[in-house]
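**Q**
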Amino acid sequence: LLHRSLDIAAIERAADRIAKADMIYAFGSGGNSSMIADEFQNRLFRLGLRITASSDHSMQLMMAAAARAGDVLIGSSFSGRNAELVRAFGLAREAKVTTIALTQSGSPVAAAAEIVVPIDLPEGNNIFRPTSTRIAYIATVDIIASLVAYAIQPKAAVTLRRIKQQLVAHRDGDDRQLLGD
Numbered sequence: 006l007l008h009r010s011l012d013i014a015a016i017e018r019a020a021d022r023i024a025k026a027d028m029i030y031a032f033g034s035g036g037n038s039s040m041i042a043d044e045f046q047n048r049l050f051r052l053g054l055r056i057t058a059s060s061d062h063s064m065q066l067m068m069a070a071a072a073r074a075g076d077v078l079i080g081s082s083f084s085g086r087n088a089e090l091v092r093a094f095g096l097a098r099e100a101k102v103t104t105i106a107l108t109q110s111g112s113p114v115a116a117a118a119e120i121v122v123p124i125d126l127p128e129g130n131n132i133f134r135p136t137s138t139r140i141a142y143i144a145t146v147d148i149i150a151s152l153v154a155y156a157i158q159p160k161a162a163v164t165l166r167r168i169k170q171q172l173v174a175h176r177d178g179d180d181r182q183l184l185g186d
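For any residue, its number in the numbering used here is found by taking its place in the sequence shown, counting from 1, and adding 5.
1. Can you have a look at S10 and say buried or exposed, based on whether 16 or more other CB atoms are within 10 angstroms of its CB?
2. Within this structure, are the beta carbons of V102 and I23 separated by less than 8 Å?
3. Closest to G95 by C-alpha separation, out of I16, A72, S110 and T145, would be which residue?
4. Leaving out five residues on either side along the sequence, give the residues of the same chain with a beta carbon under 6 Å from the beta carbon of Q109.
5. What ranges does the alpha helix (DSSP H) occupy inside the region 6 to 74, keeping only unbroken runs of at least 4 residues that lie completely in it?
6. Just how far apart, CA to CA, sit Q158 and R167?
7. How far does the beta strand (DSSP E) with T103 in it extend, from its first residue to its last?
8. On the DSSP bridge assignment, give the partners of V77 in chain order.
9. Which of the three DSSP states is assigned to S82 in this structure?
10. Please say whether G53 and V146 have beta carbons closer to each other than 8 Å?
11. Alpha carbon to alpha carbon, what distance is there between E128 and A26?
12. Out of P123, R98 and P135, point me to the one whose CA is closest to A117's CA.
13. Considering only the alpha carbon of each residue, which of A74, G80 and R48 lies closest to S38?
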C-alpha cells in the first residue's frame, strides 16, 4: 500500500528544500510523531546538516519564532489535527521558512504547510503489532534522508566517514558495524 500511496513529487520537493536548508527543525508531539522528529535528526545530522528535534510545544513555538528564511521546519502529525504544530507552521511561514508536513492529506496540519507529504493509510485494530502508519512514516523518513544524502553527496560522505572513524575508534575496531543506526 505505501509504495502506491507515496507522493513522489512532494517527497522530492521536501528533500530538495532540506538539502539546501541553513537550519532544520523537526517537530512532533506524542509517541509516534516525536519518534519521527527524532529519527529525522538521527538521519540528517549524520549527513552534516544542522538539525534539532523537539517534542515540546512551547519549545517548538519559540524555535519557529526564531527561525529564518533559508531554514526548514518539518512537522509530523499522524492525526493531522495538532493545533500547536499548525501554530508553529504559521509562525515559521511568516518568516519565509519552508514548512514540510508529514501528515494526513486534507487535515489542518496539511493546510498549514507549504509542502505536504501525505501519509494516508488505513489503520488496523490490532494493538499488539506496530501500526501501518508508524512503519509508513519511518519508511518515508528513510526515503527523504536517502534523497538528501545523494543531493549533498560529497559533504555527506565526508561527515559519514568522520563519524564512522570515531565509532570504530571507540568500539572494538570493527569497521564493518553499522553507522550507529
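The beta carbon of each residue, even a glycine, is placed where N, CA and C say it ideally should be.
**A** Inspection of the coordinates gives the following:
1. Reading the sequence shown from its first residue, position 5 is the one you call residue 10. Exposed, because fewer than 16 other Cβ atoms sit within 10 Å of the Cβ of S10.
2. Along the sequence shown, one-based indexing puts residue 102 at 97. Along the sequence shown, one-based indexing puts residue 23 at 18. Their beta carbons are not under 8 Å apart, which means V102 does not touch I23 by this criterion.
3. Here residue 95 corresponds to residue number 90 of the sequence shown, with the count starting at 1. Ranking I16, A72, S110 and T145 by Cα distance to G95 puts A72 first.
4. To locate residue 109, count along the sequence shown from 1; it is residue 104. Within the same chain, Q109 has close Cβ partners G85 and D125.
5. 7 to 10, 13 to 24, 36 to 50 and 62 to 71
6. Your numbering for residue 158 matches position 153 in the sequence shown. Your numbering for residue 167 matches position 162 in the sequence shown. Computed Cα separation, rounded: 14 Å.
7. Translated into the one-based positions of the sequence shown, residue 103 becomes position 98. Here the beta strand (DSSP E) through T103 covers T103 to T108.
8. One-based indexing of the sequence shown puts residue 77 at position 72. In the DSSP output, where bridge partners are listed per residue, V77 has I29 and T103.
9. Position 77 of the sequence shown, counting from 1, holds the residue named residue 82. The answer is strand: DSSP assigns S82 an E or B state.
10. Within the sequence shown, numbered from 1, the residue matching residue 146 stands at position 141. Within the sequence shown, numbered from 1, the residue matching residue 53 stands at position 48. No, the pair does not count as a contact, with Cβ atoms beyond the cut-off.
11. Translated into the one-based positions of the sequence shown, residue 26 becomes position 21. Translated into the one-based positions of the sequence shown, residue 128 becomes position 123. Computed Cα separation, rounded: 33 Å.
12. Here the question's residue 117 lines up with position 112 in the sequence shown. Of the candidates P123, R98 and P135, the one whose C-alpha sits nearest the C-alpha of A117 is R98.
13. The residue given as residue 38 occupies position 33 in the sequence shown. When each option's Cα is compared against that of S38, the closest is G80.
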